[in-house]
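Please read the structure below before turning to the comments.
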Amino acid sequence: MLKMLGSAVFTLWSDPCYQSTVFTLWSDPYYQSTVFTLWSDSYYLLSSTSPFLLQDSSGFHFCGGSLISQNWVVTAAHCRVTPGRHNVILGEHDRQSNAEPIQVKSISRAITHPYYNSQNFNNDVTLLKLSSPVQITSRVSPVCLASSSTSFPSGTRCVTTGWGKTGTTSSPRILQQVALPLLSPAQCKQYWGQNRITDAMICAGASGVSSCQGDSGGPLVCQSSGVWFQVGIVSWGTTNCNVSTPAVYSRVAYLRGWIDQTVASN
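Residue numbers (numbering that gives the first Met the number 0): 0 to 265.
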């Protein structure tokens with residue numbers, strides 16, 4: 000994540016999601032983030048608004064995701080999470096701290112959208128079912144998901160969080176956050192072309208900040224009537240995380256039907 004605005008914060012959601020009375024380490028915007036990390040003997044998976052991390056034994060990480068219920072997390076399909084190889088660690092903020100009250104959960108199933116396209120990243124979403132439910136705490140709780148009835152116009156200032164790169168090579172130890180505006184589909188297509196942006200995508204940024212490598216799968220959240228909703232899943236962007244070009248996110252409202260149906264039937 001490039002050009003961070005300040006120190007990372009913890010978010011207080013609830014189960015199934017929380018009408019936030021958020022507390023924060025800084026006030027612009029007032030946001031907190033529940034952190035969980037996916038790891039294996041080779042990788043860690045970290046998310047951002049209910050964040051978790053993919054990282055190897057040397058500390059390298061490359062993805063994020065969100066806790067959406069006590070039993071499910073959502074991430075990007077291109078992260079290619081594998082049950083039995085990756086676990087979920089919840090409640091993490093400082094990746095180098097051994098003192099945080101984290102929860103470690105294994106994954107029983109990884110279900111990728113049936114129409115995910117690895118060439119253009121359309122429908123870039125995977126649901127991960129945990130082997131056992133998480134314990135909901137002030138540090139670990141689900142994020143609300145946007146639906147077709149949740150409207151956020153272009154220009155709405157939203158937040159993304161993660162442990163992605165903050166420079167050309169550096170990844171932070173502490174969870175980071177940035178505030179950035181939503182773009183309309185027409186505005187996004189001005190940057191990326193008419194054929195690259197689908198109905199399953201939403202853009203944000205081009206404002207001096209950006210998500211970056213390591214943030215993939217993490218959340219983009221926007222606030223409405225005191226409630227934070229996840230509207231996007233970090234998906235793709237420029238190879239150099241150009242802060243003058245919008246990043247592209249999987250549009251949660253468009254994918255909500257598949258998410259709800261999959262969770263209900265599994």
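C-beta: ideal position from N, C-alpha, C; glycine also.
C-alpha distance - V247 paired with P184, whole-angstrom precision: 11 Å
Other residues of its chain near V262: CB distance less than 6 Å, five sequence neighbours each side excluded: W71
Where the alpha helix (DSSP H) through Y253 begins and ends: V251 to S264
DSSP state of N75 mapped onto helix, strand, coil: Contrary to the premise, residue 75 reads as Ala rather than Asn in this sequence. If DSSP states are grouped into helix, strand and coil, A75 belongs with coil.
Buried versus exposed call for A109 [16 or more other C-beta atoms within 10 Å across all chains shown]: buried
Beta carbon of A145 nearer than 9 Å to that of T111: no
Buried versus exposed, by CB contacts within 10 Å (16 or more), T81: exposed
Whole-number beta carbon distance between A203 and Y253, since they are thought to touch under 8 Å: With a Cβ gap of about 15 Å, Y253 and A203 do not count as contacting.
Buried/exposed call for D123, threshold 16 Cβ in 10 Å: buried
Residues near T197 in its chain [Cβ-Cβ closer than 6 Å; skip 5 each side]: N121
First through last residue of the beta strand (DSSP E) which encompasses A203: M200 to G204
Sub-9 Å separation of T155 and V177 beta-carbons: no
Cβ-based burial, P141 [other Cβ within 10 Å; buried from 16]: buried
Reference L126; option with closest CA among Q118, S107 and N194: S107
Straight-line gap, S191 to N97 (C-alpha atoms, nearest Å): Before going on, a small fix: residue 191 reads as Trp here, not Ser. If you take the alpha carbons of W191 and N97, they lie about 42 Å apart.
DSSP state of C62 mapped onto helix, strand, coil: coil
Contact set for Q260: own chain, Cβ-Cβ below 6 Å, skip 5 residues either direction: none
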